[in-house]
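Report on the structure given below.
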Amino acid sequence: MISDLHNAEFGKDNEKLISCIEKINPDFILVAGDIIVGKPGLTVDIGIHFLNELGKRFPVYMGKGNHEMRVSIYEKYGDMWNRLYEGTKDNITWLINESVHLDEYNVTIYGLDMKTEYYRRFKKLDMDEEYLLNELPPISRSDYNILIGHDPDYFEEYSRWGADLTVSGHVHGGLVILPFLGGVISPMIRLFPKYYKGLYSCDGHNMIVCAGLGLHTIRIRVNNEPDLVTINLSR
């Protein structure tokens, strides 16, 4: 699982990062959004190259983060979204309020493209119970259901919808991780986020939050190394 690359590079053309992933040799890769930085005029080429190289090696399933969402809906970002999507769609599977069933594993993967108002700063917006039912395909009760939901703040809502496992990012590990206290601040300018890194459980449902690989705007990591997550599934 990968999230929040934000145009970071580990070696030329991310060769070191790709090599690390090759050593893991995953059955498939989940990308929980924010491969790019959503600012006008910035490149999407790093993200395109990285996703294509992964997609040539492994099945890759990607959901949007708030940065992909942002560049896809506002005119000021020009053709950033079209370039990213068109430049990668032949090598990876984008899940934009869509799902894909993996017969071999009896798994269905869903990708949530969450609306911009749910990413607002300072205070979490309540999510209506019908929102996920209306946005996502019907849940498959016979499968193990994985949701790519970029923002972990809505873990309880994802669980009630029916996600057996949610994979998230967005919080960058809280930037600074303090002993006993955890991550300090989220990109939404909220102190000590409840979900910042690692495995969480709620009524038999699980969520894994990746602390991400890159940064933007506030470029600080303390006790918080770039994060590449390996998940072993069993039923």
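In terms of our numbering, the sequence shown opens at residue 70 and continues consecutively. All C-beta atoms, glycine included, are put in the ideal place defined by N, C-alpha and C. Just so it is clear, the structure is predicted and the values come from calculations on it, not from any experiment.
For residue i, which beta-bridge partners are listed by DSSP?
| i | result |
| --- | --- |
| L331 | Because the chain is modelled from 70 through 304, residue 331 falls outside the range shown and cannot be assessed. |
| G180 | E167, I217 |
| V291 | V245 |
| G251 | L247 |
| G267 | V278 |
| T286 | T286 pairs with nothing; no bridge assigned. |
| L194 | DSSP lists no partner for L194. |
| L260 | I254 |
| T157 | None, per the DSSP bridge assignment. |
| I142 | Paired residue(s): none; I142 is not in a bridge. |
| T162 | Y130 |
| I300 | Answer is none; I300 lacks a bridge partner. |
| I71 | V100 |
Assuming contact is defined by CB atoms lying nearer than 9 Å, are residue i and residue j in contact in what I supplied?
| i | j | result |
| --- | --- | --- |
| G134 | H219 | yes |
| D222 | K263 | yes |
| I98 | V129 | yes |
| L297 | L86 | yes |
| F127 | D148 | no |
| R152 | M257 | no |
| F261 | G243 | yes |
| C279 | M70 | yes |
| G252 | N293 | yes |
| S255 | H239 | yes |
| E122 | D82 | yes |
| I93 | G132 | no |
| P295 | F79 | yes |
| E232 | Y187 | Residue identity differs from the one stated: residue 232 is Ala in this sequence, not Glu. No. Outside cutoff. |
Please look up how many angstroms separate the CB atoms of residue i and residue j, rounded, as I've assumed it's under 8 Å.
| i | j | result |
| --- | --- | --- |
| L216 | L171 | No, L216 and L171 are not in contact; Cβ-Cβ is about 14 Å, not under 8 Å. |
| L381 | Y213 | No information on residue 381 is available, as it lies outside the stretch 70 to 304 that the chain covers here. |
| P206 | S168 | 5 Å |
| I117 | G156 | 4 Å |
| K146 | G107 | For the record, residue 146 in the displayed sequence is Tyr; it is not Lys. Right, the Cβ-Cβ distance comes to about 7 Å (below 8 Å), so this counts as a contact. |
| T177 | S209 | 5 Å |
ask   = Is the number of C-beta pairs between the region 193-200 and the region 160-169 that are closer than 8 Å three or more?
value = no
ask   = Taking only runs of the beta strand (DSSP E) that begin and end inside the region 73-134, which ones reach a length of at least 3 residues, in chain order?
value = 98-100, 129-131
query = Counting Cβ pairs, one atom from each stretch, are 3 or more of them under 8 Å apart for the region 222-234 and the region 246-254?
reply = no
query = Does the region 100-107 come within contact of the region 72-85, defined as at least 3 CB pairs closer than 8 Å?
reply = yes
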